[in-house]
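Enquirer: First the structure, then my questions, so here it is.
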Amino acid sequence: MLFKSHGLVKIRELRALDALLEEYTLSAISAFPPSGLQLLNRDSFQNRYDYDVVVIGAGHAGTEAAAASARLGARTALLTTNLDTVGQMSCNPAIGGVAKGQIVREVDALGGLMGQAIDATAIQFRMLNRRKGPAMHSPRAQADKKSYQNHIKWQIESQPNLDLRQETVEDLLTEPSDSKDPQESATQRVVGVKVRGDAVYLAKTVILTTGTFLQAIMHTGEAQSAGGRAGEGTTAGISGALHRLNFELDRFKTGTPPRLNARTIDFSQIEVQPGDDEPQPFSFLTSEITTSQMPCHIAHTNEAVHDLIRENLTRAPMYSGQIDSQGPRYCPSIEDKVVRFADKSSHQLFLEPEGRQTQEVYVNGISTSLPRDVQDAMFRLIPGLEKASIMRYGYAVEYDFCPPTQLWPHLESKSVAGLFLAGQINGTTGYEEAAGQGLIAGLNAARTVAGQSTWVPARQDAYLGVLVDDLVTMGTDEPYRMFTSRAEYRLLLRQDNADRRLTAQADQLGLIDAPRRDRLAEKLEQIRIGRELLAAARIEKSPADVYLRRPEVTWPMMCELVPELNQIAPDAAEQCCIDIKYAGYLDRQQMDVDKQQRMSEKRIPVSFDYNRIGSLRTEAREKLTKVRPLNLAQAKRISGITPADLALVLAHLEH
Amino acid sequence: MIEFLYCTEGLLIRLFTVDDTIVAIASPLAPAHRGIVRISGDAVVPMLQRVGLLPADFRGSRPRRFPAALDLGCDLGSVDTDVMLWPTERSYTGQPSAELHLVGSLPILDAVVDRLIEVGARAARAGEFTMRAFLAGRLDLPQAEAVLGVIDAEDPNTLNDALSQLAGNLSRPLQAARSELLNLLADVEAGLDFVDEDIEFVEDEHLLQRLRQIRAGLISTADQLRERSASQSALEIVLRGLPNAGKSCLLNAITQTESAIVTEQAGTTRDSISVIFELDEHSIQITDTAGIEARGAHEADAAVLAKAQLQAIDAASRADLCLWCVDASGPASNDALDQLRGALAAGGGFKKSIEHWLLLTKSDLSPPPSGWMEAIAELGIRTLSVSAVSGSGMAELITEIGGVAERLDPTETGGVIGTAARCRNSLTSASTATQTAIALTQAQAGHELVAAEIRAAASAIGDVTGEVYTDDLLDRVFSRFCIGK
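Respectively, the protein sequence lines represent chains A and B. Every letter in the first sequence is one number past the one before it in the numbering used here, and letter 236, counting from 1, is 236. Every letter in the second sequence is one number past the one before it in the numbering used here, and letter 265, counting from 1, is 265.
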C-alpha cells in the first residue's frame, strides 16, 4: 500500500490518500499498515503550521486543555470541526452537582475556565446537600447554554499563545520513537495532525478530546444515523488513526432526553424549584452573583406512561438488541427505569430552561431512545406536559472510547509519546470530569514540551487526583462519573477548600495569575488572624477555639463574644469554623493519608520487569504489566492484586 | 461483587506501615516449657512502662535482659517473665523491640498478648516481623520471599477454612456483618451522592436500629469466639505395629486416658480405637489399630481379625501421621522392620502427604540388638525412643506431634498470632466504630461522618474477610435504587 512502501510521504500522495482515508476508516480499518506514516519530511508540506501543542476538539476537555497549555506559554492550536459549537453543552444545561461541583471548584482553583464561565452565565444556582456537613456541600447551576458557550469561546479567543481554528482532522502523524530513555515505553511518537484541505499541523504534543464522536451512531427508535451529537457528523479519520496505532477501543452508549417548548407547558400544574436566595459562585475569583435567577420545575411520570413504555419496549434500541454496549447505571433511560424498578409508580422529571432567550426546556430524567411517536405520546400522559411540543427528540448514542488504562496518570498514551487523551474519549461522562482531564492533559502536554516533569494531583489532594488515578489504574466498565464515595478522603476534599488545596501548587506550575495568587494569600492571612484571635480569647474560662467546637456554637455567636472576629472575611471565617469543628475527623483522615504516603513514595520504575519476580502469580504479572503502576500505592489499587503480590514487588524493589 | 477478596486495605497499609507497634506469640504454638511474646515498634518502651515491666523513668538505649513480673489483671494475677529489650533501632526488626520469655502455656501467652493490645499494640499479621526485618536490611531477598510465601498461603479458601474451624463457623457471622455494614453504607452513601432523587434512602431511626443490630451481632460473635470450643481435629494419627508392640500403652500415655484396653497378651486390640485429645489449641485424633500380624501367627477369630484389619486400613487412609511402633526388645523386631519397609515401598493405602515415624517402644526394658540402629538409619525416617512406662522420650514425642499439628492447622501460622486473635482485633475495632456511628447519628452529626465510621467498621471486618471497594458499594446502590436524574 501507499503507506508501506514509501519512507517519505509527499504532498501529492497525501492528496491521493484523502479520499482513501475516508473509505478505510469507515470500512476496513484493520487494513492499515501498523507503522503508519514513517520518517515524516517536515519541509514537504505546502500548508504547514508549527505548534507546541495541538488540541483536537473544543468541548469542555479541549477548551480547558488548550487554555492551560497556552497559559503555561506553549504555542497552542485548538482545532474544532465547527467554531459555533465551542464549549457546547451537548446534554443537560447544568454545571456541578454532588462531587462534580467540587471538581469545578478544583478546576477553578487551578486557573481553569469552567468556574468563571458558569458564574457569568448561570440562570439558577443551588448549593446541594446544604443541610449536610461541609464535605457534602456541592454547588450546581443551570446555565444559559448559548451564553455559556459564547463565554468560553470568548475566553479562548482572548487567550494569548492560543489559536482557535476550524479544521477537520483526518489523521494523526506519527514517527517511530527514537527515545533512548529507558523510562519511556512508547514505540511511536506523535508529530502532528493532518487536516482536510492539504494542510498539516506539526506539534510536539497532540491532545485528543473528541468526546462521543468516534464511530458514533445515534439511535431514535428504529432510526439510526451516524454522528456524535444531533445534527453533526463523526470523526472517522481519528478512529482510523487510533486503530492503526493499535489502541484498544471499546464501546459505550449514553442517551439524552427530549427538549420541549416552554410555551406549550402548563407550569401551573407542576411544582416550582427555585434557586438559592443567596447564590454561591463557583469561582474563587467571583465575589458575588448579582444576576436574576430563573426557576426550574418538577413534573412526574405515572403508571399510564410506564404502561406505554412497556408496550413499546420492543421498539427501544436498548431492548430490541440494536444497542448492546454498556450505558451508565446512574443515568438510566426511562425505559431502564420502568423495567428495572417496576414497583416504582412515578419518576421525577426536572424541567430545566436552556437559557434566558430561548423557550427550549431540557427534560432531565427522561433520557430515551424510543421512537418519535412514543416520545410524543408519553408527554400527552404527563400532567402539565399534555400539550407539550417536542423541539428535539431524545436519542441514544453509541461511541468508541479508549479504555484509559492505556494512559499514564498525566493522560499521555503509554504507546504513543506526546499523544494525550482527555474527556469522554477516556470513557468518562460529564462536562466537569471532561474539563478536569482537559486541564491536566493541557498542563502536562505543555510541561512535556518544555522538558519539565509531569504533575498530577494525588488522591488526597483533589477529586481530579481520584479521577485520573481511577481511570488509569482500574479502567471503567461503564461511563465513569465522579461520586463523593469514590474519594476515600472525602472529608478533606471539600468545595470550600479547593483553593487551599490546589492554588499554591497551580501558582508554582505557572497556571494562575496575580489576582488569584493575591486572593489566596489574603484569605490565608485572614484564616491565620482568625485562628490567632480564637486561640488567644477565652470564653467561659476555656480558649475560644475550644468553645467553638461545641456543635451548637456558630460563627455569629463567636463574633458577639469576641468582637475582633468581625474583621474576618466570611470565606476565611468559614475555613476557621470547619478546621476547628471537624478537627478530629480531619486529623484522622490525614493520618490515613500519611499511612498511604509511605506506599506512594515507593516508586516503581517504568521499565520494571515483572517477569523478574519468579514467584509472582500469572494474573498479577499480567495486570501489573498492563497498568504499569508508578508506585506501590497505585499497584495496590489494581483490582485483584493481593498483599502478597505487592510484598513480592516491594521486596524486589528493595533488592 | 467481589465476595471474598483478601486484598484488604488494612492489611496492606499495615504490612507497609512500620510506625505502629505489633505484638505476637513468637514461639511455636505447641507445648513447650518456655514461650515467647515478641513486640516491635516505636512504642515498645512506653508500652512496657504502661504494663509495669519498665520503670516510668527508663531512659536506656543498650539491649538488656532482666526478670520481671507482669500483672495480667483481674483473675489471672501476675506471671514471671524474662524480658529481653532492644530499646533502639539496633534490633532484628530495625526498631525498638522486646521479647518476653515466660512459661509456655498458650492461655497465658494469649493473655500477655491481650494485655499488650490493651495498651495500644496491634496483633501482627503473618510475616510482619519478617517484613520489618527485611525493610531494615536484616534479611536478604530469598529469606524474605520465603516468608511472603506464607502470606500467600492465606488465600480466600484457606482463610475461609480457618474461619470455619473456629467455633460455630465464624465465617458466616463475619460475612453477614460485613454485608450488612456495606448495605447500610450503600444506603448512607446513596443519600449523600444522590440528593436530587425523590428517594428517602435511610432515615435516622432506621439507621440507628440497623447499627444497633450490627453492633449486637459483632459483640455476640466476639463472645462466641471467646468461648470457642474444640474444633474438628486438625491432625489424624494412626498407630501401627505388630501385636504387643506397645501401641495401646502409648496411646494412653499420649492422651493420658484409659481409652484403650491394655493387656499383656498380644492381639488384645481387635477393634480400632480412636481418641480425640487436645494439644493446646489443636485437636488431634489418634487411632490405635489392630496389631498387624506376622504371617501365620494367628488362626483363631479370622473373621474378627479381618474386620479389624479393614478398620486399620480405613484409619490409615485418613491419617496425616503414622507411628510405627516396634518393640526394640522383642523377638520379632526384624519382622516389624520388614513390614515397615513394605509399607513405605508400596504406599500401603496411605495419603501421599503422610509422614511415617518409627517409635522404639519399651525402650526402658532393654537396648536394641546390635545392627538394628543401622538398619533403621537406612530407612531414612524419623526415629524416636520412647517408653510409656518410664515416660522417657514422651515429652519429646508430644512436642514433635504438636509441631505437626501446628504445620497442618491453618488457623495458626508459626510465629504470628492466629486467626482467632485477628478476628478479636477486628471485631473490637468494628464494634467501636459502630458505637461511634450510633453516637454520631444520635447527635445528628451528619451522614458523611456516620459513613466514615461505618466504612471504618466494614474495613476492620475486611481485615479478615475482604476489602471494601467503591464498585462493590455502587453495585449495591444501583441495584436497589432507581438513580437517574
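C-beta: ideal position from N, C-alpha, C; glycine also.
Hey, A:Gln155 and A:Ala117 are a contact pair by Cβ (cut 8 Å); roughly how many whole angstroms apart?
Expert: Locating residue 155 of chain A in the first sequence gives position 155, counting from the first residue. Locating residue 117 of chain A in the first sequence gives position 117, counting from the first residue. With 8 Å as the limit, A:Gln155 and A:Ala117 qualify as a contact, their Cβ atoms being about 7 Å apart.
Enquirer: Go ahead and pull the three-state DSSP assignment for A:Arg588.
Expert: Within the first sequence, residue 588 of chain A is the residue found at index 588, counting from 1. In the structure shown, A:Arg588 sits in a helix (DSSP, three-state: H, G or I).
Enquirer: A:Arg105 CB to nearest chain B CB: under 9 Å?
Expert: The residue given as residue 105 of chain A occupies position 105 in the first sequence. Chain B, which has no Cβ nearer than 9 Å to the Cβ of A:Arg105, makes this no.
Enquirer: Check whether the segment 498 to 506 of chain A and the segment 472 to 487 of chain A are in contact - that is, three or more C-beta pairs closer than 8 Å.
Expert: Cβ pair count under 8 Å is below three, so no.
Enquirer: Determine whether the Cβ of A:Ala647 lies closer than 9 Å to any Cβ atom of chain B.
Expert: Along the first sequence, one-based indexing puts residue 647 of chain A at 647. True, the Cβ-Cβ gap to chain B drops below 9 Å.
Enquirer: With a threshold of 9 Å between beta carbons, is B:His447 in contact with chain A?
Expert: Sequence index remark: in the second sequence, residue 447 of chain B carries index 447 (1-based). Yes, contact with chain A.
Enquirer: Below 8 Å on the Cβ atoms is my guess for A:Pro409 versus A:Val456; work out the distance and round it to an integer in Å.
Expert: What you label residue 409 of chain A is simply residue 409 of the first sequence in a count that begins at 1. What you label residue 456 of chain A is simply residue 456 of the first sequence in a count that begins at 1. About 5 Å separates the two Cβ atoms, so the contact holds.
Enquirer: Mind checking A:Gln452: buried by the 16 CB within 10 Å criterion, or exposed?
Expert: By 1-based counting over the first sequence, the position of residue 452 of chain A is 452. A:Gln452 comes out exposed.
Enquirer: Does B:Phe201 come within less than 9 Å of chain A when only Cβ atoms are used?
Expert: For the purposes of this step, residue 201 of chain B is taken as the residue at position 201 of the second sequence. B:Phe201 does not count as touching chain A.
Enquirer: As an exercise, report each continuous beta strand (DSSP E) stretch of at least 3 residues that is fully enclosed by the segment 22 to 95 of chain B, in chain order.
Expert: DSSP runs (the beta strand (DSSP E)) wholly in the segment 22 to 95 of chain B: 22 to 25, 34 to 40, 64 to 71 and 78 to 86.
Enquirer: What is the rounded straight-line gap between the Cα of B:Ile254 and the Cα of B:Leu365?
Expert: Mapped onto the second sequence, residue 254 of chain B falls at position 254. Mapped onto the second sequence, residue 365 of chain B falls at position 365. Taking the straight line joining both Cα atoms gives about 19 Å.
Enquirer: For the putative contact between A:Leu464 and A:Ile440, defined by C-beta atoms under 8 Å, what is the C-beta separation to the nearest angstrom?
Expert: Translated into the one-based positions of the first sequence, residue 464 of chain A becomes position 464. Translated into the one-based positions of the first sequence, residue 440 of chain A becomes position 440. At roughly 6 Å, the Cβ-Cβ gap stays under 8 Å, so A:Leu464 and A:Ile440 are in contact.
Enquirer: Looking at the structure shown, is A:Ile641 part of a helix, part of a strand, or coil, going by DSSP?
Expert: Translated into positions along the first sequence, residue 641 of chain A becomes position 641. In the structure shown, A:Ile641 sits in coil (DSSP, three-state: anything other than H, G, I, E or B).
Enquirer: Would you be able to state if there are at least three C-beta pairs under 8 Å between the segment 631 to 642 of chain A and the segment 115 to 127 of chain B?
Expert: No, the segment 115 to 127 of chain B is not in contact with the segment 631 to 642 of chain A.
Enquirer: By how many angstroms is the C-alpha of A:Val107 removed from the C-alpha of A:Gly115?
Expert: Position 115 of the first sequence holds residue 115 of chain A. Position 107 of the first sequence holds residue 107 of chain A. If I take the Cα positions, the gap works out to 7 Å.
Enquirer: For A:Phe608, which three-state DSSP category applies?
Expert: Position 608 of the first sequence holds residue 608 of chain A. Here A:Phe608 sits in coil by DSSP.
Enquirer: Using a Cβ-Cβ cut-off of 7 Å (strictly less than) and excluding sequence neighbours within five positions of A:Gln460, which residues of its own chain qualify?
Expert: In the first sequence, counting from the first residue as 1, residue 460 of chain A sits at position 460. Tyr489, Leu492 and Val593, listed in sequence order.
Enquirer: Counting Cβ pairs closer than 8 Å, one from the segment 206 to 223 of chain A and one from the segment 149 to 166 of chain A, do we hit at least three?
Expert: Short answer: they don't touch.
Enquirer: Can you name the start and end residues of the beta strand (DSSP E) that A:Phe401 belongs to?
Expert: Translated into positions along the first sequence, residue 401 of chain A becomes position 401. Start and end: Tyr395 to Phe401.
Enquirer: Cα-Cα, which of A:Glu412, A:Leu653 and A:Thr473 is closest to A:Lys623?
Expert: For the purposes of this step, residue 623 of chain A is taken as residue 623 along the first sequence, with counting starting at 1. Taking only the C-alpha atoms, the option nearest A:Lys623 is A:Thr473.
Enquirer: Whose Cβ in chain A lies nearer than 7 Å to the Cβ of B:Val195?
Expert: Position 195 of the second sequence, counting from 1, holds the residue named residue 195 of chain B. By Cβ distance, chain A contributes Val98, Leu128 and Asn129.
Enquirer: Figure out for me which residue from A:Ser415, A:Ile207 and A:Leu173 has the closest Cα to the Cα of A:Lys194.
Expert: As a working note, residue 194 of chain A is residue 194 in the first sequence. When only C-alpha atoms are compared, the closest one is A:Leu173.
Enquirer: Could you run through the segment 108 to 139 of chain B and flag, in chain order, every residue whose CB is less than 8 Å away from some CB of chain A?
Expert: Within the segment 108 to 139 of chain B, the qualifying residues are Gly127, Met131, Phe134 and Leu135.
Enquirer: Taking the beta strand (DSSP E) that A:Ser225 falls in, what are its first and last residues?
Expert: Sequence index remark: in the first sequence, residue 225 of chain A carries index 225 (1-based). Looking at the DSSP string, the run of the beta strand (DSSP E) that includes A:Ser225 is Ala223 to Ala226.
Enquirer: Is there a C-beta anywhere in chain B that falls below 9 Å from the one on A:Glu354?
Expert: Residue 354 of chain A sits at position 354 when you count from the first residue of the first sequence. Not one chain B Cβ lies under 9 Å of A:Glu354.
Enquirer: Just to confirm, is the Cβ distance from A:Thr210 to A:Val54 under 9 Å?
Expert: In the first sequence, residue 210 of chain A corresponds to position 210, counting from 1. In the first sequence, residue 54 of chain A corresponds to position 54, counting from 1. No, the pair does not count as a contact, with Cβ atoms beyond the cut-off.
Enquirer: The beta strand (DSSP E) spanning A:Asp124 covers which residue range?
Expert: As a working mapping, residue 124 of chain A is identified with position 124 in the first sequence. Residue 124 of chain A is actually Gln in this sequence, not Asp. Segment Ala122 to Leu128, the beta strand (DSSP E) holding A:Gln124.
Enquirer: Indicate the three-state DSSP secondary structure (helix, strand or coil) for B:Val389 in the structure shown.
Expert: The count along the second sequence starts at 1 and reaches residue 389 of chain B at position 389. Three-state DSSP puts B:Val389 in coil, outside helix and strand.
Enquirer: Assign B:Gly52 to buried or exposed, taking buried as 16 or more other Cβ atoms, counted over all protein chains shown, within 10 Å of its Cβ.
Expert: Against the second sequence, residue 52 of chain B aligns to sequence position 52. Burial call: exposed.
Enquirer: Of all Cβ atoms in chain A, is any one closer than 9 Å to the Cβ of B:Thr158?
Expert: Residue 158 of chain B sits at position 158 when you count from the first residue of the second sequence. Per-residue confidence for B:Thr158 stands at a pLDDT of 46, beneath the threshold of 50, marking its modelled position as unreliable; the derived number appears in the next sentence. B:Thr158 does not count as touching chain A.
Enquirer: Using a Cβ-Cβ distance under 9 Å, would B:Glu189 count as near chain A?
Expert: Position 189 of the second sequence holds residue 189 of chain B. It does: the Cβ of B:Glu189 has a partner Cβ on chain A nearer than 9 Å.
Enquirer: Verify the CB distance criterion: does B:Ala452 have a CB-CB separation below 9 Å to chain A?
Expert: Here residue 452 of chain B is taken as the residue at index 452 of the second sequence, counted from 1. It does: the Cβ of B:Ala452 has a partner Cβ on chain A nearer than 9 Å.
Enquirer: Does the beta carbon of A:Arg490 come closer than 9 Å to any beta carbon on chain B?
Expert: In the first sequence, counting from the first residue as 1, residue 490 of chain A sits at position 490. It does; some Cβ of chain B falls within 9 Å.
Enquirer: When you compare the CB of A:Met294 with every CB in chain B, is at least one pair closer than 9 Å?
Expert: For the purposes of this step, residue 294 of chain A is taken as the residue at position 294 of the first sequence. It does not; no Cβ of chain B falls within 9 Å.
Enquirer: Under a three-way DSSP split, which group does A:Gln188 fall into?
Expert: Your numbering for residue 188 of chain A matches position 188 in the first sequence. A:Gln188 falls in the strand class under three-state DSSP.
Enquirer: Who are the neighbours of A:Met699 on chain B, taking C-beta pairs under 7 Å?
Expert: In the structure as shown, chain A starts at 1 and stops at 655, and residue 699 of chain A therefore has no counterpart that could be examined.
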